[in-house]
Each structure stands twice: as C-alpha cells, then as structure tokens.
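Trainee:
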Amino acid sequence: MKVYTKTGDKGTTALFGGTRVPKDHIRIDSYGTVDELNSYIGLIRDQEIDKHYKDILIEIQDRLFTVGAILATPQEKEVLKNGELRLKNLGIIDTDIELLENEIDKMEESLPQMTHFVLPGGHPTVSHCHIARCICRRAERLAVHLSHNEHVPEIAIMYLNRLSDYLFVLARKLSFDLKADEVKWIPRK
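Position one of the sequence shown corresponds to residue 1 (UniProt numbering), numbered consecutively onward.
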C-alpha cells in the first residue's frame, strides 16, 4: 500500500465510511487536533520520566486513536450495511475516564495543595505537558463545536476534558518529582 493516494490533491479527504469533505471541515480539524495531541503525548512519553507515567501515556495514546476514529465517523456511517457497528470494538467507556481520575487523585496525594495559578514552565518535560494540555483543550473545543451541528458521543468530549485535567496535574507532579521551579502567577496590585 502506498502512502500517497493523490485523492486529496484537490483539498478533500475521506471520513470513515467514504464521505468526502473539504480538508478544512470542522470534523477534520477536530480529529486532526486529537492526532496532534497524540503526537505531543508521545513526546512527553519519550522524556526521562517514571515508567508508570509512560505506561499511562501509552494507554492515553491508544484511547486518543479511538477518539480520533469516533470523530472521523459521521453518524450516518456508524452502522455498516450488514447492520454491524463500524467501530464495533472501539469506544470510550466509563473506565477510561475513571483511570484518568484515579491517576489524578494518586498524583495529588503527594502534591502540596494548589493555592495559586501556575505559570507553565520550569523544566522542558513540564513545558511539554502544558503544551499538550493546551492542545487537548483545543481538541475539546473543536469537538464541542462539531457537536453543535453533528453527532459526537458525549463521552468522547468528557474524555478530552478529563485528559486536560490529567495533563495539568501531571505537569505539577513532574515539577515536584524533577524539583523544578513552579512559578506562581502573581497579579499586579
């Protein structure tokens, strides 16, 4: 199979199910941003961090492929002609969100209570987490925007919302583990 197909040379691309849409369609922007997020999480995983975080990040990357597939499938193409679900063995389920919540809770147990806003930075790995968090928020906003006009399973949006929380807490935990400076935002008087 060749990487290039030339089918997108005129600015369109195919969704799951074959429907062609312009490459700047909100659905493409939505799952493309999830792909960007997934790549950035791979960059975090490539840093010198604890194996447990790497294992969780691999699980998150797997779930993000699922979110991308969900966002790439228009509602009218969710069911195949034979009656089976197109994404039969794919989906985001409650336990995927619970995993993120449990990980957040575990990390927060060892962190000082947050009493201020934190400026992103302090260590390159921490900065990567903050960039991924921002990309995740953008992916969530795009998925919500898409949901105003087309079907998007609510749980996919919930997953992105919880994932951005996870990435924020991971940034704080890595700051703590790496003994990096956590800079407080101090409003002007």
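Cβ atoms here follow ideal geometry from the backbone N, Cα and C, with glycine treated the same way. Predicted, not measured: the structure shown is a model, and the values here were computed from it.
Please classify R20: does DSSP put it in a helix, a strand, or coil?
Mentor: Here residue 20 is taken as the residue at index 20 of the sequence shown, counted from 1. Reduced to three states, the DSSP call for R20 is strand.
Trainee: Under DSSP, the beta strand (DSSP E) around A180 begins and ends at which residues?
Mentor: As a first step, residue 180 is located in the sequence shown; it is residue number 180 there, counting from the start. Careful: A180 lies outside any beta strand (DSSP E) and carries neither H nor E.
Trainee: Take the Cβ of K173 as the centre, count every other Cβ of all protein chains shown within 10 Å, and call the residue buried at 16 or more, exposed below.
Mentor: By one-based count along the sequence shown, residue 173 stands at place 173. Buried, because 16 or more other Cβ atoms sit within 10 Å of the Cβ of K173.
Trainee: Count the other C-beta atoms from every protein chain shown that fall within 10 angstroms of the C-beta of L119, then say buried if there are 16 or more, exposed otherwise.
Mentor: As a working note, residue 119 is residue 119 in the sequence shown. Exposed, because fewer than 16 other Cβ atoms sit within 10 Å of the Cβ of L119.
Trainee: Should S175 be labelled buried (16 or more other beta-carbon atoms within 10 Å of its own) or exposed?
Mentor: Position 175 of the sequence shown, counted from the first residue, corresponds to residue 175. By the 10 Å Cβ count, S175 comes out buried.
Trainee: Determine the contact status of residue 271 and M107, defining contact as a CB-CB distance below 8 Å.
Mentor: Not covered by the structure: residue 271. The range shown for the chain is 1 to 189.
Trainee: Taking DSSP's pairing of strands, which residues face T13 in a bridge?
Mentor: Your numbering for residue 13 matches position 13 in the sequence shown. DSSP lists V21 as partners of T13.
Trainee: Should F176 be listed as close to the ligand HEM, given that the test is whether its C-beta is under 7 Å from any heavy atom?
Mentor: The ligand HEM is absent from the structure shown, which contains no ligands of any kind.
Trainee: If distances are taken between C-alpha atoms only, which option among E182, D165, I44, N161 comes closest to D105?
Mentor: As a first step, residue 105 must be located in the sequence shown, where it is residue number 105. The option with the nearest alpha carbon to D105 is D165.
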